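Report on the structure given below.
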Amino acid sequence: MTATSFTDFALALADAARGVTMSASVKLTAEDKNGGGAFDPVTESDRGAERAMRALIEYRHPNHGIRGEEYPERRARGRYVWSLDPIDGTRSFLCGLPSWTTLIALLDEGKPVLGLIDAPRMRERFLGTPGGTRLLSDKGEAALKTSGCTRLDEARFTTTNPYLFEGAEKEAFETLRAGARLTLFGHDAYGYARVAAGTVDLVAESGLKPHDYNALIPVVRGAGGVIGNWRGEDEFSAGQVVAAATQELFDEAVGVLKAAAV
Numbered sequence: 001m002t003a004t005s006f007t008d009f010a011l012a013l014a015d016a017a018r019g020v021t022m023s024a025s026v027k028l029t030a031e032d033k034n035g036g037g038a039f040d041p042v043t044e045s046d047r048g049a050e051r052a053m054r055a056l057i058e059y060r061h062p063n064h065g066i067r068g069e070e071y072p073e074r075r076a077r078g079r080y081v082w083s084l085d086p087i088d089g090t091r092s093f094l095c096g097l098p099s100w101t102t103l104i105a106l107l108d109e110g111k112p113v114l115g116l117i118d119a120p121r122m123r124e125r126f127l128g129t130p131g132g133t134r135l136l137s138d139k140g141e142a143a144l145k146t147s148g149c150t151r152l153d154e155a156r157f158t159t160t161n162p163y164l165f166e167g168a169e170k171e172a173f174e175t176l177r178a179g180a181r182l183t184l185f186g187h188d189a190y191g192y193a194r195v196a197a198g199t200v201d202l203v204a205e206s207g208l209k210p211h212d213y214n215a216l217i218p219v220v221r222g223a224g225g226v227i228g229n230w231r232g233e234d235e236f237s238a239g240q241v242v243a244a245a246t247q248e249l250f251d252e253a254v255g256v257l258k259a260a261a262v
């Protein structure tokens, strides 16, 4: 089986998550997973959406592994593992903002081969496979391609939160921000979706976990973009991620960021 064999199932997983997140009460409460450090919220909607997706995987594909944000890993009995982030952007979710997403990825022997960025409030789904990236929305289905931007001084740049960077990372980020044409904040994984759609040119972030970045990789690459670490490599375990519309823009961004790469 290939990655495209599982696209309908990935969409079914997104439907299951939406059944929980879109029915959430307006008055939301959150626990702090960080225990006194920087606020790291989790809601019952996070947990409920992941439970719904896990139950569907266990029923339809009992040999597949599961690695989610909220619950322990279920080991695979075979080559396939599902990576799940039920609500990426929980702070936005808590504030009633629409840019939060559900992230779903299929890993084949550890490599992301299918990625889905589902933006329920936007009624948009960005589905990436080796055959390309598509936007599914109320307007229908459309193939996506990145903007073609090749220069930092012409780039529309975004990151989730500038205050997440410290020390050398902060210095590198500030240099990148100063060199970009414009900078936007606060979009979490939706920023990578907009790179695929061609309306954002560059994203750089740090501190990401596998459930944060696995789905992003096929979506960006399927649209012709480039995504890697701050050294320009195809290895993400340090959590430093940069995505760009073109190889030229990626290389220029890496030239700024590599001094702070770990």
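For the sequence shown, the numbering used here assigns the number 1 to the initial residue and increments by one for each residue that follows. Beta carbons: idealized from backbone N, C-alpha and C, even for Gly. As the structure is a computational prediction, the values presented were derived from the model and not from experiment.
Tell me the rounded alpha-carbon separation between I227 and D234.
If I take the Cα positions, the gap works out to 8 angstroms.
For R47, which residues from the same chain have a beta carbon less than 6 angstroms from its beta carbon, with the 5 sequence-adjacent residues on both sides left out?
Scanning its chain for C-beta atoms nearer than 6 angstroms, with the 5 sequence neighbours on each side dropped, one finds around R47 the residues E70, in chain order.
Give the straight-line distance between the Cα atoms of V254 and L208, rounded to the nearest whole angstrom.
Separation of V254 and L208 (C-alpha to C-alpha, rounded to the nearest whole angstrom) is 17 angstroms.
Supposed close pair G232, S206 - CB separation, criterion 8 angstroms:
Not a contact, Cβ separation roughly 15 angstroms.
Kindly list the residues whose CB is nearer than 6 angstroms to the CB of L144, restricted to its own chain and excluding five residues on each side of it in sequence; keep chain order.
Excluding its 5 nearest sequence neighbours in each direction, L144 has C-beta neighbours in its own chain below 6 angstroms: T133, L135, A196, A197 and A223, listed in chain order.
Bridge partners of Y80, per DSSP?
Beta-bridge analysis with DSSP links Y80 to D108.
Measuring CB atoms only, is the segment 243 to 259 touching the segment 161 to 176, in the sense that at least three cross pairs come out at less than 8 angstroms?
These segments touch.
Stretch-stretch touch, CB-based, cutoff 8 angstroms, three pairs: the segment 209 to 223 with the segment 97 to 113:
With three or more CB-CB distances shorter than 8 angstroms, the segment 209 to 223 counts as touching the segment 97 to 113.
Pair within 9 angstroms by beta-carbon distance, L202 and L152
In this structure, L152 lies closer than 9 angstroms to L202 by Cβ.
Inspect the beta-carbon positions of T21 and I87 and report whether they are closer than 9 angstroms.
Their beta carbons are under 9 angstroms apart, which means T21 touches I87 by this criterion.
If we ignore side chains and look at the alpha-carbon of each, how far apart do Y80 and V219 end up?
Roughly 18 angstroms separates the two Cα atoms.
Whose C-alpha, out of A155, T129, E124 and K111, is nearest the C-alpha of E139?
In the sequence on display, residue 139 carries Lys and not Glu. Comparing alpha-carbon positions, the option among A155, T129, E124 and K111 lying closest to K139 turns out to be E124.
Given V241 as reference, the closest of A204, S92 and G131 once Cα atoms are compared:
Per the Cα distances, A204.
Is A193 near F93, with beta carbons less than 9 angstroms apart?
No, these two residues do not count as a Cβ contact at 9 angstroms.
For a minimum of 3 consecutive residues, which ranges assigned as the beta strand (DSSP E) are wholly contained in the segment 118 to 147?
Counting only runs of 3 or more, we get 124 to 129, 132 to 137 and 140 to 143.
Rounded to a whole number of angstroms, what is the C-alpha to C-alpha distance between V26 and Q247?
Below a pLDDT of 50, predicted positions are generally treated as unreliable, and V26, at 45, falls in that range; no measurement from the model is reported.
Cβ-based neighbour list, N63, same chain, cut-off 8 angstroms, excluding 5 preceding and 5 following:
Once the five neighbours on either side are set aside, the close Cβ partners of N63 are A76, R77, G78 and Y80.
Among T183, N229, R60 and G68, whose alpha-carbon lies nearest the alpha-carbon of A258?
Reading off the sequence shown, one finds Lys at residue 258, where the question assumed Ala. Residue N229 holds the alpha-carbon nearest to the alpha-carbon of K258 among T183, N229, R60 and G68.
Short Cβ contact (9 angstroms threshold) for L97 with G191
Cβ atoms of L97 and G191: not closer than 9 angstroms.
Taking C-beta to C-beta, are R18 and G128 nearer than 9 angstroms?
No; because the gap between Cβ atoms is not below 9 angstroms, this pair is not in contact.
How big is the Cα-Cα spacing for P210 and W82?
If you draw a straight line from the Cα of P210 to the Cα of W82, it comes to about 11 angstroms.
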